[in-house]
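Chemist: Supplied in structure tokens, the structure appears directly below.
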Amino acid sequence: MNKIKVGVLGVQRGASMVRYCLEAGNAQVVAICDKWAEGLEKKKKEFNDDSITYYTDFEDFIKHDMDAVVLANYAHEHAPFAIRCLKEGKHVLSEVLPCANMKEAVELIEAVEESGKVYAYAENYCFMSAPYEMKKLYRQGKIGEFEYGEGEYIHNCESGWANLTDADPNHWRNNMPSTFYCTHSIGPIVHITGLRPIKVTGYESGMVTRSRRMGRKSGQFGIEMIEFENGGIYKSVHGGLYKNSVWYCVYGSKGRMESAREDAQVGGVGKIYVNADEYDGQYERDIIECYDPAHEVSEQSADFGHGGSDYYIMYNFVEKLRGREDADIIDVYEAMDMFLPGQFAYTSIVEGGVPVEIPNLRSKEERDRYRNDTTCCFKDKAGDMYIPSYSKGEVEFPESVYEELKKKIDK
Ligand SMILES: NC(=O)c1ccc[n+]([C@@H]2O[C@H](COP(=O)([O-])OP(=O)(O)OC[C@H]3O[C@@H](n4cnc5c(N)ncnc54)[C@H](O)[C@@H]3O)[C@@H](O)[C@H]2O)c1
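Quick note: the sequence shown uses the working numbering, first residue 768, plus one each step.
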């Protein structure tokens, strides 16, 4: 079996992809890069594998002999690194999010097209058991045409926020707007239906007390109300509401399918309920099927993170590189269909809640409008198009907020 040689940038989240390579037979991790020398050293001891070379500098790392790079660096810095890797002839698996603004979105798409290399987007929630089963069922026509759906990715990260942000007021997690980290709730419906989002209206939460304790300078949660190309409507909610929830529900023209609510304690997003008729208009009685869907290679994936979905991101990427045409990866256009609703939901919020058109970046003409659009909430990316991450104005917390958080960092 030819093993794909993989390099990993970012040793925290990237450790999950390293683990895949160490355990699965189809890939080998050959290089790991992180500018955080202490963290890198710790992982080196943990992995205890002499065949891996460690780098603290990306420019040295990218010269290493490898087929593909996994980008698990900062969430708003993926696009320039992806472009650099593609230009060096490497395939790319990018963690969420794909880019920070529209200029980067256009540049990323065009770099992928020019390179001829594989770009895959690591939106793992699409590969959790229930949403992945929903994709299979939807494509078989089980519930008919998509009419309405809801997706929730609610994660109260307060207890781990000091570590997740290094108690740094400039960390991306403290500066992203409420609608930025949107692809865990939007990604599954895009991957299930294959439909393109065309319009969005956004909502952001108020500045709740948790935000102040965490030093997060934006609303804790965001909502996107999305219209799809077939007229279907989807409600996406994501962020730091108090109690966690990962849940998906899809209504079609002859049925409904949804995952279990976590509070029901029956397996959460690992369990699916399908209530579908044979034909549109039959409507005789509820025919409810309830089961735990199994994946193709479920044994190996079982103890990987996020309900085993972390396994499938790497598995499909590596299998694609090994020539398996039907390997289920999320390409750059689909990645944008997952990212753009969040980007334009914030435009909607800033403009007072108006619906905003979502461009189709597959079209070169539509790209031209956004070629120089750096609008975003990350100062180093936006230049003179910077907008604050809270729509009601710039939020600055006193230094003491971050000093308190520093005391909580678990070394
Ligand atoms: N899909 C998921 O379920 C999931 C879960 C957690 C994190 N993530 C994503 O993974 C990525 C990383 O998140 P994280 O939780 O590890 O935290 P993080 O973003 O704080 O960590 C990024 C790591 O990359 C390193 N890094 C950044 N820029 C670098 C550079 N130029 N050269 C070398 N090293 C560099 C940092 O030192 C750090 O260790 C983010 O994109 C995040 O969105 C995804």
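Ideal Cβ placement from N, Cα and C applies to all residues, glycine included.
Mapping DSSP to helix, strand and coil, what is LYS870?
Modeler: Translated into the one-based positions of the sequence shown, residue 870 becomes position 103. Three-state result, LYS870: helix.
Chemist: Out of GLU1171, HIS858, LEU962, which one is the CA nearest neighbour of VAL773?
Modeler: Here the question's residue 773 lines up with position 6 in the sequence shown. If we check each option's Cα against that of VAL773, HIS858 comes out closest.
Chemist: At a cut-off of 8 Å, would you count GLU890 as near ligand 1, judging by its Cβ distance to the nearest heavy atom?
Modeler: For the purposes of this step, residue 890 is identified with residue 123 of the sequence shown, where counting begins at 1. Yes, ligand 1 has a heavy atom inside 8 Å of this Cβ.
Chemist: So, for GLU991: in the same chain, excluding its five sequence neighbours on each side, which residues have a beta-carbon less than 7 Å away from its beta-carbon?
Modeler: Residue 991 sits at position 224 when you count from the first residue of the sequence shown. Only THR946, CYS949, ILE953, VAL967, GLY969, SER1003, PRO1108, GLY1109, ALA1112 meet the Cβ criterion.
Chemist: Any chance the CB of GLN779 is under 8 Å from a heavy atom of ligand 1?
Modeler: Counting from 1 along the sequence shown, the entry for residue 779 is found at position 12. Yes.
Chemist: Would you tell me roughly how many angstroms separate the C-alpha atoms of ASP1098 and VAL775, rounded to the nearest one?
Modeler: Residue mapping note: residue 1098 aligns to position 331 of the sequence shown, counting from 1. Residue mapping note: residue 775 aligns to position 8 of the sequence shown, counting from 1. Roughly 19 Å between the two C-alpha positions.
Chemist: Shorter than 8 Å, the distance from the beta carbon of GLY1072 to the closest heavy atom of ligand 1, or not?
Modeler: Walking along the sequence shown from the start, residue 1072 turns up at place 305. Yes, Cβ of GLY1072 sits closer than 8 Å to a heavy atom of ligand 1.
Chemist: Tell me the start and end of each unbroken alpha helix (DSSP H) in the region 1065-1104 that is at least 4 residues and wholly inside, in chain order.
Modeler: 1065-1068, 1076-1088
Chemist: Near GLN1049, what residues of its chain come up, given a Cβ to Cβ distance below 6 Å and the 5 sequence neighbours on each side ignored?
Modeler: To locate residue 1049, count along the sequence shown from 1; it is residue 282. Here the set comprises nothing.
Chemist: Tell me the start and end of each unbroken beta strand (DSSP E) in the region 977-1041 that is at least 3 residues and wholly inside, in chain order.
Modeler: 988-995, 1000-1006, 1012-1019, 1022-1026
Chemist: Can you grab the Cα-Cα spacing for the pair GLU1124 / ILE965, in whole Å?
Modeler: Counted from its first residue, the sequence shown places residue 1124 at position 357. Counted from its first residue, the sequence shown places residue 965 at position 198. Cα-Cα distance, rounded: 6 Å.
Chemist: Going by beta carbon distance, what residues of the same chain come within less than 7 Å of SER1156, once the five residues before and after it are set aside?
Modeler: Taking the sequence shown and counting its residues from 1, the one referred to as residue 1156 is at position 389. Taken in chain order, the residues that qualify are ASN942, MET943, PRO944, LYS984, SER985, CYS1144.
Chemist: Does the region 894-902 come within contact of the region 873-881, defined as at least 3 CB pairs closer than 8 Å?
Modeler: no
Chemist: Bridge partners of PRO955, per DSSP?
Modeler: Here the question's residue 955 lines up with position 188 in the sequence shown. For PRO955, which the question treats as bridged, DSSP gives no partner whatsoever.
Chemist: Identify the continuous beta strand (DSSP E) that holds CYS1057 and give its terminal residues.
Modeler: To locate residue 1057, count along the sequence shown from 1; it is residue 290. Here the beta strand (DSSP E) through CYS1057 covers 1055-1058.
Chemist: My output table needs one value for CYS893: the three-state DSSP class, helix, strand or coil.
Modeler: Along the sequence shown, one-based indexing puts residue 893 at 126. Of the three classes helix, strand and coil, the one that applies to CYS893 here is helix, per DSSP.
Chemist: Please name the residue, chosen from THR932, ALA835, TYR915, GLY1074, that lies closest to GLY998 on a Cα-to-Cα basis.
Modeler: Position 231 of the sequence shown holds residue 998. Of the listed residues, the one whose Cα sits closest to GLY998 is TYR915.
Chemist: Considering only residues of the same chain and omitting the five flanking positions on each side of ALA1102, which have a CB-CB separation below 6 Å?
Modeler: The sequence position of residue 1102 within the sequence shown is 335, counting from 1. Contacts found: PRO865, TYR888.
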